[in-house]
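What follows is the structure, encoded as structure tokens:
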């Protein structure tokens with residue numbers, strides 16, 4: 001467990017920390033990450049995993065150090081199930097992607113921030129490397145990056161939103177105000193972290209914790225087809241504008257960057273990413289926007305998902 005000196009809540013009581021991981025269709029990746037997490041010197045009180053079917057948590061169901069929840073599909077729905085499971089006995093819930101590898105001091109640094117800064121409601125750490133950008137990283141490479149980078153000085157700064165690959169949230173305001181991830185953002189829940197962060201930030205600070213480090217492997221297996229993601233890249237920001245959790249200027253800039261990136265990828269014949277599919281989805285969403293039928297849930301009409309497609313959260317570097 002995390003040392004009591006690292007974080008406290010209430011009358012000197014140690015902060016109760018839980019880790020939450022939503023996963024689907026990637027049992028070997030999930031198990032490798034869980035094995036790593038449970039071997040760290042700093043341990044959370046609970047490690048909660050939510051999967052659509054038990055096969056997605058192969059090798060974990062009988063372990064006493066992991067709580068496995070079965071039955072929801074889609075990132076937002078799965079993360080809501082994790083919140084429900086953690087709410088009664090957790091002060092800070094840290095959401096991790098199933099292929100995010102935190103440094104050994106990640107938990108203690110996050111706990112210290114929440115303990116010493118009671119105005120912090122949500123926080124995100126420092127991503128040292130992101131495999132999404134170059135086809136994915138191995139666990140060995142992630143460990144090498146963490147070792148080479150070392151500890152790093154801690155610095156806390158305000159940030160517009162936390163990023164879903166590593167997102168720590170104080171559960172008291174979440175429970176008090178009945179905050180949830182928006183299940184109208186289906187499957188991988190594109191921009192679900194922005195939406196949730198801005199909702200939580202109404203009740204406290206949203207911060208970036210430099211020094212709370214990790215590596216995102218960016219494993220591509222199980223990710224969604226490009227057309228769906230491309231549609232979400234346009235429809236979801238528009239939805240968040242209307243909802244009031246994303247500023248109009250930020251959303252338009254986000255949409256523009258994504259469309260330009262996809263156009264460039266098509267012209268340069270990007271082989272790592274389905275840029276043509278994404279661009280096709282972008283254009284379809286723009287057409288739907290003109291005729292008044294653009295909606296995040298429309299991606300559910302684009303063919304039938306494989307039961308093992310990952311509702312993968314997209315991470316910071318793809319959103320900038």
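Numbering (this note's numbering), first residue to last: 1 to 320. All residues carry an ideal CB built from backbone N, CA and C; glycine is no exception. What you are looking at is a predicted structure, and each value in this text was computed from that prediction instead of being measured.
Between which two residues does the alpha helix (DSSP H) containing residue i stretch?
| i | result |
| --- | --- |
| residue 35 | 27 to 38 |
| residue 265 | 248 to 267 |
| residue 231 | 226 to 243 |
| residue 276 | 275 to 291 |
| residue 199 | 192 to 200 |
| residue 105 | Neither: residue 105 is in no alpha helix (DSSP H) and is coded neither H nor E. |
| residue 144 | 139 to 149 |
Find the nearest neighbour of residue i within the set the options, judged by alpha-carbon distance.
| i | options | result |
| --- | --- | --- |
| residue 18 | 36, 34, 25 and 46 | 46 |
| residue 43 | 30, 260 and 102 | 102 |
| residue 129 | 120, 92, 144 and 123 | 144 |
| residue 27 | 99, 64 and 198 | 99 |
| residue 292 | 187, 66, 197 and 239 | 239 |
| residue 191 | 77, 106, 276 and 237 | 237 |
| residue 234 | 262, 303 and 271 | 262 |
State the beta-bridge partners of residue i as determined by DSSP.
| i | result |
| --- | --- |
| residue 175 | Answer is none; residue 175 lacks a bridge partner. |
| residue 216 | 100 and 130 |
| residue 167 | 95 and 124 |
| residue 210 | 155 |
| residue 298 | The partner list for residue 298 (beta bridge, DSSP) is empty, contrary to what the question assumes. |
| residue 205 | 120 |
Would you mind sorting residue i into buried or exposed? The rule is 16 or more other CB atoms within 10 Å of its CB.
| i | result |
| --- | --- |
| residue 89 | exposed |
| residue 85 | buried |
| residue 177 | exposed |
| residue 160 | exposed |
| residue 182 | buried |
| residue 54 | exposed |
| residue 60 | buried |
| residue 20 | buried |
| residue 265 | buried |
| residue 199 | buried |
| residue 202 | exposed |
| residue 126 | buried |
| residue 118 | exposed |
| residue 41 | exposed |
From what residue to what residue does the beta strand (DSSP E) around residue i run?
| i | result |
| --- | --- |
| residue 124 | 120 to 130 |
| residue 85 | From DSSP, residue 85 is part of no beta strand (DSSP E) but of the alpha helix (DSSP H) over 75 to 86. |
| residue 20 | 17 to 22 |
| residue 47 | 46 to 51 |
| residue 67 | 67 to 70 |
Distance check for residue j and residue i, CA to CA, integer angstroms please.
| i | j | result |
| --- | --- | --- |
| residue 70 | residue 267 | 42 Å |
| residue 133 | residue 218 | 8 Å |
| residue 24 | residue 296 | 20 Å |
| residue 138 | residue 29 | 10 Å |
| residue 212 | residue 57 | 27 Å |
| residue 13 | residue 250 | 40 Å |
| residue 154 | residue 289 | 43 Å |
| residue 35 | residue 189 | 26 Å |
| residue 38 | residue 172 | 26 Å |
| residue 16 | residue 66 | 16 Å |
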